[in-house]
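J.: There's a structure below that I have some questions on.
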Amino acid sequence: MLLACFFSPAAYAETSRGFIGPFEYQLPGNLSKPINVVVQYGYIDREHKQWNGVGNKIGAANVDVNVGLTKYVHAWNLESNPDVGIGWEVIAPLLSVQDKTARTTSSGLADPVAGGFVWYKPTKDSTIGTDFLFQVPVGSNTVGGGDRWRIIQSVFGTVKSDNLNYTADIVWDWPGKSTGTRTTAAKTWSTHHRVGYSVTALLLPYIGVDYERQEAKNGQPTSYEAVGNLGLVLTFPAGYTFAMHYGRGFRGENRAQTNSINARFVYAW
Numbered sequence: 067m068l069l070a071c072f073f074s075p076a077a078y079a080e081t082s083r084g085f086i087g088p089f090e091y092q093l094p095g096n097l098s099k100p101i102n103v104v105v106q107y108g109y110i111d112r113e114h115k116q117w118n119g120v121g122n123k124i125g126a127a128n129v130d131v132n133v134g135l136t137k138y139v140h141a142w143n144l145e146s147n148p149d150v151g152i153g154w155e156v157i158a159p160l161l162s163v164q165d166k167t168a169r170t171t172s173s174g175l176a177d178p179v180a181g182g183f184v185w186y187k188p189t190k191d192s193t194i195g196t197d198f199l200f201q202v203p204v205g206s207n208t209v210g211g212g213d214r215w216r217i218i219q220s221v222f223g224t225v226k227s228d229n230l231n232y233t234a235d236i237v238w239d240w241p242g243k244s245t246g247t248r249t250t251a252a253k254t255w256s257t258h259h260r261v262g263y264s265v266t267a268l269l270l271p272y273i274g275v276d277y278e279r280q281e282a283k284n285g286q287p288t289s290y291e292a293v294g295n296l297g298l299v300l301t302f303p304a305g306y307t308f309a310m311h312y313g314r315g316f317r318g319e320n321r322a323q324t325n326s327i328n329a330r331f332v333y334a335w
């Protein structure tokens, strides 16, 4: 179950998949029929500080970024090899930006994402896979949509051993040419890691580290940020899970500092 790089790191602090939780890529094997999953992600990033060119935090505009991502996934295992799976997904992002310093607000549907993914289960408690997604420029221009195509690819994995679990990915973001300026934005790569421990069948606290780097291009310098995360997953009967974590940037250059609350609700059938 994959998420995409929706918004430019130079504009908004959150790393491309900073909202994921443990077991994000724990995909099934040996399915008797296809599965359907609906995921609702949301995060609030309060950006009041930024990293300068030498890695020091300095004051910035008082901006709140609110994002909601609604995702539908359909997936199945191959009959010839039930440890291999294929799926597709569509993601609709809603974005609101409140600049309290400038006293402006913009909101709307950002560019949607669609694509496919494949996975393999080396063991019943581990998964490796990759995705290939397209971001389609049909969103509202009030939130930066409708300007360029984008390709997002990742490799991902997860493993569980007794009560301990580890989830990780590497994501590459290749933006297309702007229809307005005819320029191509800088490429970005990021990686996200989550380690969780099941205290009970209901409770799973977790920690995480994210890192994102954008190349220098069009007169803009290289930028990066490292983010630490602390959160909790609640698992309920009948296929429901809820996760929440706090993320804060602890090192970076030339971008806003992450200061976010992230939530995820999952229902599978």
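The working numbering numbers the first residue of the sequence shown as 67 and each following residue consecutively.
Note that beta-carbon positions come from the ideal geometry of N, C-alpha and C, so glycine has one too.
CB-CB under 6 Å to residue 85, same chain, minus the five flanking residues each way: which ones, in chain order?
T.: Hits under 6 Å: 107, 109, 328.
J.: With distance defined between alpha-carbon atoms, name the residue in 316, 154, 126 nearest to residue 101.
T.: 154
J.: Can you tell me whether residue 133 is helix, strand or coil according to DSSP?
T.: strand
J.: Assign residue 140 to one of two classes, buried (16 or more other C-beta atoms within 10 Å of its C-beta) or exposed (fewer than that).
T.: exposed
J.: In angstroms with no decimal places, state the Cα-to-Cα distance between residue 71 and residue 228.
T.: Because residue 71 carries a pLDDT of 45, less than 50, the predicted location of this residue cannot be relied on, and the following value inherits that uncertainty. Their backbone Cα atoms lie some 32 Å apart in a straight line.
J.: Going by beta carbon distance, what residues of the same chain come within less than 6 Å of residue 205, once the five residues before and after it are set aside?
T.: For residue 205, where only same-chain residues beyond five positions count, the Cβ hits under 6 Å are 175, 176, 177, 211, 212.
J.: In whole angstroms, give me the CA-to-CA distance for residue 292 and residue 146.
T.: 42 Å
J.: If you scan the stretch 272-315 from start to end, which runs of the beta strand (DSSP E) of 3 or more residues do you find wholly inside it?
T.: Listed in chain order, the complete beta strand (DSSP E) runs (minimum 3 residues) inside the stretch 272-315 are 289-302.
J.: Which whole-angstrom value is the C-beta distance of residue 151 and residue 199, which I expect to be below 8 Å?
T.: That pair is no contact at about 16 Å.
J.: Using the Cα positions of residue 123 and residue 188, report the straight-line distance between them to the nearest angstrom.
T.: 44 Å
J.: Does DSSP put residue 193 in a helix, in a strand, or in coil?
T.: strand
J.: Counting only the same chain and skipping the five closest in sequence on each side, list residues whose C-beta sits under 6 Å from that of residue 73.
T.: Any reading at residue 73 needs caution, since the residue's pLDDT is 49, under 50, leaving its predicted position unreliable; the model's value is listed next. Closer than 6 Å at Cβ, skipping near neighbours: no residue.
J.: Pairs of beta-carbons, one from the stretch 256-266 and one from the stretch 125-133, closer than 8 Å: are there three or more?
T.: no
J.: Return helix, strand or coil for residue 70, following the three-state DSSP convention.
T.: Residue placement at residue 70 is flagged as unreliable, the pLDDT there being 36, under the threshold of 50; a coordinate-derived value is accordingly withheld.
J.: Go ahead and label residue 163 buried or exposed: buried means 16 or more other beta carbons lie within 10 angstroms of its beta carbon, across all protein chains shown.
T.: buried
J.: Taking residue 115 as the reference, which of 319, 298, 274 has the closest Cα?
T.: 319
J.: Using DSSP with H/G/I as helix, E/B as strand and the rest coil, what is residue 325?
T.: It is a strand residue.
J.: Identify, in the order they occur along the chain, each residue of the same chain with its Cβ nearer than 6 Å to the Cβ of residue 191, setting aside the five sequence neighbours on each side.
T.: 226
J.: Less than 8 Å separating the beta-carbons of residue 239 and residue 258?
T.: Taking 8 Å as the cut-off, the beta carbon of residue 239 is found no closer than this to the beta carbon of residue 258.
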